[in-house]
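> So the sequences go chain by chain: C and R.
Take 204 as the starting number for the first sequence in my numbering and just add one per residue.
Take 962 as the starting number for the second sequence in my numbering and just add one per residue.
Virtual Cβ for every residue (Gly too), placed ideally from N, Cα, C.
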Amino acid sequence: MGIKDIINTIAIVFFTLSVFGQSESNVDTSKLPSIQTEQQKSELLIRFSLHEDWDINIGYEIAKEYLQRYPTDDNAKYLKLWVKAFEEGSSKFPNNLYKKAEYMSRWKNDNWEARSNFGRRKMTGIILTTNVLDDVENRLNRRQSIDTPKDIIPNPPKPAYLAPVDCLDTENCYNANAYSLALKLVENDRLKEIEKRLNNLRENPYLFGCYDIQDIGDKNIELRCRYVREIDINESKTIDETLKLPKAWKEQLKDQQIQKVWLENGIRIDLTGTPLEKPLLTSRPIALQTNTGTYVVLEIFNSDIQSHAGHVTSFKNKIFDISQCSNKEACVNQVMSKFLEKIEAYFTKTPLSVRVLNNQEFPAGEYWLGKERVRSDVLGLPWHEISRYTVKWYGRDADVTLFDSGTGKGSKSRPYIYLMVDQTYWVAPNVSSRTYKDATSEQESRYVTSVNTAVRQALAEACRDLNGNMVNEVVDNQARNVCVIPRR
Amino acid sequence: MKVKDVRNWLGIYFLIITGILGTYVLLFGETVLLPVSKQEAMDVFQIVIPVLIGQLTIIFRWFAGFEAENTEASINMPTWVIKGPPLLVVGILIITVTLMVVGNMFSSLQWTISPDQFKVIVTFCVSILNATTIFIIGRYFKMPQVDKQEN
């Protein structure tokens, strides 16, 4: 279903509503409320199911609203259980969204039977339309669950793929295009109001609206925050290096020149609100200004489009071969404990000089290091940095595997271990600078070199201590060092 | 202090401070010697340089166009009125930059001067000059009134 079809659908909905409106006095309207009720029920159920594993705080608000409106409905039974579990989780972990989300995820797994009967036959044929500007403002004005640092100002991804922020972690968004983005021209009488609201968003460059999400690949809970950026296209060389527009927009805008775009972006954070990884690749457009007019964006979700697609995951950086070990779990424990010990040793040395973030609990298969507002030994004075290194390891059967078997993060039963190190750094020339900004590409390459060196040294030393054999494998014309662990 | 000395002293002062401050701010942003971003350095340049260049223009226009009639006469004001504010500004800037550089070297949030504070201090220095020395410049580098002659 393309944007055009969806716009047609909206047009039909609007048309239908207007027909109802006009003919209200001539027809029997006694059946209308029940139709509307069913529609509202379905909408609430869909919104709840979208937020069950993704921003549970919003899920809670929707569940409460449903229970208030339809307390005796079939679905109320499950929602009551869910709400009760949420409230229990909230009282157990009042200031820890991560723990609360983990609690709810466990609860859902334990209560799959109750869940299986929830919302049947009510979640089809529904189109949810969200005005993105309203939605962003709501998120901004809600009580913030995490107090984020006010000196970190990340840039948007470049190029930004225009889609819902968490599209790559939402099965029906990524695989099935259940979400579409439509442009709605702002009429002249509302132009000033919209411009004022967009200016207000620009005034708040910080991270906000932090939430939980279940990673689509490894099913771990992650915390993420949003941030808004105004992009001046005139400052870019070409629009393509800044934005990847939906095809339908190009058709709709034709010869209009895009001048400004307002984007809502997302980034993964740790428990202190400090970003852990680079910004998410997809940005949700809020509004768009061209040489002829201003548009606001509508996000449209079609509940009928379901994903049945599978895809593969691909990794290249194999570091350990434990296929000869008879007890894989014991072997992985031993190998990874040694390797992470060496990672810590080399990452805490100069030039990286970071420390393990022991005050935070890492998800399975992850190890976090970092430092805040201290001198950067990689760049030298006057530079200071806030940095995070997320060392992730994956137990896998091969470089390429079917996604259905997961990415293998933290898996202890597979023959090979792969590594990925996510790195983020914000730098400032003065320790007390008001803002720490993204490192430039030249600065970033110096960090990447230091990290690669530290990882290589840690692997070599761990392999030696484990009596392993370091071998060279060539993948896609690139050599990689793999430590083969002997039979044990 | 003679009138001639006042003019020479102020002329040399403004020449040196404009040259040194302008070069320092333009060249050393994002280095150990000036730990502020290039944009912040440019902001400081835009605050301070127009005022200093304005004074230099007045001074050099005077030296280029006129011969003083009585430069040996003594001035009727204390020396500190002439030299005090410009030296005070130099002192403030030296202390500020030293604190900023040394504090930043030791990553001391307590001691270092932040870029925002640096901008405020530079603005403060410009205000001191505006409120004091600029009147002295006006007096000793005043262009003589040329009577309008009717054709």
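1. Rounded to a whole number of angstroms, what is the C-alpha to C-alpha distance between T497/C and W452/C?
2. Name the chain R residues whose beta carbon is nearer than 9 angstroms to that of S636/C?
3. Are the Cβ atoms of P1046/R and I1089/R separated by less than 8 angstroms?
4. Going along chain C, which residues have a C-beta under 8 angstroms from L1070/R?
5. Starting from the N-terminal side, write out each stretch of the alpha helix (DSSP H) that is 4 residues or longer and does not extend beyond the segment 490-567 of chain C.
6. Please tell me whether M1066/R has its Cβ less than 8 angstroms away from any Cβ of chain C.
7. Less than 8 angstroms between CB atoms is the rule here; does E676/C satisfy it with respect to chain R?
8. Distance, Cα to Cα, R576/C vs N403/C?
9. Does any CB atom of chain C fall closer than 8 angstroms to the CB of V986/R?
10. Since Y273/C is in the alpha helix (DSSP H), which residue starts that stretch and which ends it?
11. I need the straight-line Cα distance from M962/R to A1034/R, nearest angstrom please.
12. What is the DSSP secondary structure of L605/C, counted as helix, strand or coil?
13. Using a C-beta to C-beta distance shorter than 7 angstroms, which residues of chain R count as neighbours of P357/C?
14. Cα separation between Q1071/R and G1064/R?
15. Distance cutoff 8 angstroms, beta carbons only. Does T1059/R sit that close to anything in chain C?
16. Given that L584/C touches chain R, what residues does it touch there, using C-beta distances under 8 angstroms?
17. Taking only runs that begin and end inside the segment 607-662 of chain C, name each unbroken beta strand (DSSP E) of 3 or more residues, in chain order.
18. Throw me the rounded Cβ distance for the L446/C and P362/C pair, which I believe falls under 8 angstroms.
19. Would you tell me roughly how many angstroms separate the C-alpha atoms of L1017/R and G972/R, rounded to the nearest one?
20. Quick one: what does DSSP say L982/R is sitting in, helix, strand or coil?
21. Ordered along the chain, which non-local residues of its own chain (more than five positions away) have a Cβ less than 7 angstroms from that of T656/C?
22. Just the C-alpha distance for T638/C and R272/C, rounded to the nearest angstrom, thanks.
23. K595/C lies in the beta strand (DSSP E); which residues open and close that run?
24. Measuring only the C-alpha atoms, how far is F550/C from T493/C?
25. Among T627/C, K612/C, W596/C and P566/C, which residue has its Cα nearest to the Cα of V557/C?
In short:
1. 13 angstroms
2. P996, V997, S998, E1001, S1075, P1076 and D1077
3. yes
4. Ordered by position in chain C, the residues that pass the 8 angstroms Cβ test against L1070/R are R576, V634 and S635.
5. 531-551
6. By this cut-off, M1066/R is an interface position.
7. Contact of E676/C with chain R is not assigned, every C-beta pair being separated by 8 angstroms or more.
8. 29 angstroms
9. no
10. No alpha helix (DSSP H) contains Y273/C, which DSSP labels as neither H nor E.
11. 9 angstroms
12. strand
13. Correct list: empty, because the minimum Cβ distance to chain R is about 16 angstroms.
14. 8 angstroms
15. So, not an interface residue.
16. Correct list: V993, P996, N1065 and M1066.
17. 619-631 and 639-641
18. 6 angstroms
19. 7 angstroms
20. helix
21. So no residue of the chain qualifies.
22. 46 angstroms
23. H587 to R599
24. Their Cα atoms are separated by approximately 48 angstroms.
25. T627/C
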